[in-house]
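Residue numbers (the UniProt record's numbering): 1 to 704. Note that the Cβ used here is the ideal one computed from N, Cα and C, for glycine as well. Note that the coordinates shown come from a computational prediction; the quantities given were computed from them, not determined experimentally. Reading through the structure tokens given below for one structure.
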């Protein structure tokens, strides 16, 4: 049935090949491997007497006797999918693989091993090349190259040569494997690392002397057998878990998992977990347990011992060990530290350090008057410790407030509205304290969570108080000096001290006022002028002091606003006062005049504009009203270049009205090429004319 197998047997009769005489075995999975009962026999021959032969089995529950019998060390129901047996003597070493399969898997596995290809309806074909899978342990020691297997050809062609190719031969990583082109011996040139490359798929061909392929290619599978050369590693740290104090026994805190780079299908990567050390060791050296297979850390003490407030520290550190080989002594280990924090729950209410607190405060003063101290055994970093204070009695006027100091947790009791000794010299407050977080159901606030605060108010010499303040009065400006403006009234809040009050002027910007020091009557020392720069929006403001007879004396300040009514005491003013015109101007409208008045309506506009009497043989100008505040001056003819003064009067609408007689200076200039020349001219033309006319009139009156 299997010509390749027969051919291999014949070849072995001719030549001794060091190593296992059969490298791959398939056994059916029994219901149980029985202790000390042989499973199978392995034959190893180093071709030199097997001196110092030693066997190692990948599963520590099995061993190989000196005669090659594989036996179980105990009754085992599950041994995994494969066992590997490593044999070593003085002159050779090799690896055998024992595959554990079900009955329906065995036939398929044999077909793969012996490369029997079949297809429905197609007869089987024999191959001339026999290339059985090769198993090589990783991390082999020198010398190299080292024989690992053999490829056989039944072609019998004279001069035929074997050729090996693929990844690990002529592809990167190159040069790992080589084949003896005559004998078909396969060798490895250096130690292998299964974690780098676990399998190599090579191809074997047979060529003639010219290099022509006469058989193949046939696939040659090389598998690297795992050695336990990687320690378990914890890669996901730091590992921090939390558990609430008082949690039931068996509460899961966290999970620790390690990674092993070895073959996951072997015991080389089968991890078991253990707690090596717990710090601190109180109240119990075994506060926690770790599931050896899953890595789950759970509590194992009673909820009573898991009390954060009685612990030496709420932080525990566990040194966790992960060991491969299923935790057996031969396994490699890795460690990591797990930090477990015992979280606080609100199982302790805050309590005042004493039942009654005392405080003293001066009347009229605000701010913190006393700090109320409390104790709380819960975690200061949580709402189970932070205190919330409430005034539950004795604060009808809302004169007090209490806030929590976030650093000390104390209650800062403050006066927010000044207290009056004359109204009440003593206050009693009832205050309660709670936590931000609610208490757990089994705990309640007790009598120690309330306290009384006795507050004593000290009398202070308070300054007199003006009534009302500010004070307002309306007066007409320009009232006679010595007129009474207002009489102030101030009282002393210290009714029990029977003090007298004196008055004085504090601020009088214009110096217009005086005050009687005894009765507070305010009079004028100067004319009140509404148009003064010290008056803003018709209001003049002055400040007065009321001083009691205490020791030291106390002072109160009162403000007086005097609203000044307007009187027509300002004549209108005219603008502009200068105008220019060309001597050949075609437009004889010289200027638009405006008038203003410092007084208020109705003592201002409408204004009346008039030309004073013009002397001379003919009139030279006229004035025309435009509106209530403006008028226009118009020349009646062109004038010679000269300076002229035009007499104008403007009158306001006050009762009685006030008139301002003034002059508008008019310069008549020569204008050439858009340039106006107003340089010095003859003496004022109009003024000289008026002087001559006046002299002539006087002369005529003297001689009738």
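Query, Result
"Status (buried if at least 16 other CB within 10 Å, exposed otherwise) for residue 602", "exposed"
"Residues near residue 16 in its chain [Cβ-Cβ closer than 6 Å; skip 5 each side]", "47"
"Environment of residue 578 [buried if 16+ CB atoms lie within 10 Å]", "exposed"
"Nearest to residue 649 (by Cα), restricted to the options 677, 613, 667", "613"
"Distance between residue 89 and residue 173 (C-alpha atoms, nearest Å)", "30 Å"
"Which of helix, strand or coil DSSP assigns to residue 223", "strand"
"DSSP three-state assignment for residue 325, whether helix, strand or coil", "helix"
"Ordered list of beta strand (DSSP E) runs contained in the UniProt domain \"Cadherin\" (353 to 466), each at least 3 residues", "356 to 362, 367 to 372, 387 to 393, 400 to 404, 411 to 415, 426 to 435, 450 to 458"
"Distance between residue 419 and residue 462 (C-alpha atoms, nearest Å)", "12 Å"
"Cα-Cα separation, residue 242 to residue 317", "12 Å"
"Length at least 4, wholly inside the segment 278 to 302: the alpha helix (DSSP H) runs in chain order", "none"
"Cβ shell of residue 255 (< 8 Å), same chain only, five flanking positions each side left out", "294, 295, 296, 297"
"Residue 22 at chain C interface by Cβ criterion, 8 Å", "Given the protein chain composition of this structure (a single chain), no chain C is represented."
"Beta bridge counterpart(s) of residue 678 as assigned by DSSP", "Residue 678 is not bridged to any residue."
"Buried versus exposed call for residue 456 [16 or more other C-beta atoms within 10 Å across all chains shown]", "exposed"
"Residue 199 beta carbon less than 8 Å from that of residue 221", "yes"
"Top-ranked residue by Cα proximity to residue 629, from 57, 592, 201", "592"
"Cα-Cα separation, residue 664 to residue 635", "13 Å"
"CB of residue 223 within 8 Å of CB of residue 303, strictly", "no"
"8 Å contact criterion, which residue 389 and residue 402 should meet: CB distance rounded", "4 Å"
"Nearest neighbour of residue 25, chosen from 324, 135, 312, 445 [CA to CA]", "135"
"Rounded straight-line distance, which links the Cα of residue 183 to that of residue 228", "34 Å"
"Beta strand (DSSP E) runs contained entirely in the segment 597 to 667, provided each spans 3 or more residues", "608 to 611, 621 to 625, 630 to 635, 642 to 651"
"For residue 506, the first and last residue of its enclosing beta strand (DSSP E)", "501 to 507"
"Sufficient close CB pairs (3 or more, under 8 Å) joining the segment 349 to 368 to the segment 320 to 336", "no"
"Short Cβ contact (8 Å threshold) for residue 192 with residue 165", "no"
"Rounded distance between the beta-carbons of residue 501 and residue 548, thought under 8 Å", "6 Å"
"8 Å contact criterion, which residue 477 and residue 565 should meet: CB distance rounded", "7 Å"
"Boundaries of the beta strand (DSSP E) in which residue 54 is found, first to last residue", "54 to 57"
"Buried versus exposed, by CB contacts within 10 Å (16 or more), residue 68", "buried"
"Beta-carbon proximity check, residue 231 vs residue 187, cutoff 8 Å", "no"
"Cα-Cα separation, residue 669 to residue 633", "17 Å"
"Beta-bridge pairing of residue 69 - partner residues as DSSP gives them", "41"
"For residue 343, three-class secondary structure by DSSP", "strand"
"Chain-order list of residues whose beta-carbon lies under 7 Å from that of residue 129 (same chain, five-residue window excluded)", "151, 153, 204, 206, 215, 216, 218"
"Where residue 534 falls, given that 16 or more other Cβ within 10 Å makes a residue buried", "exposed"
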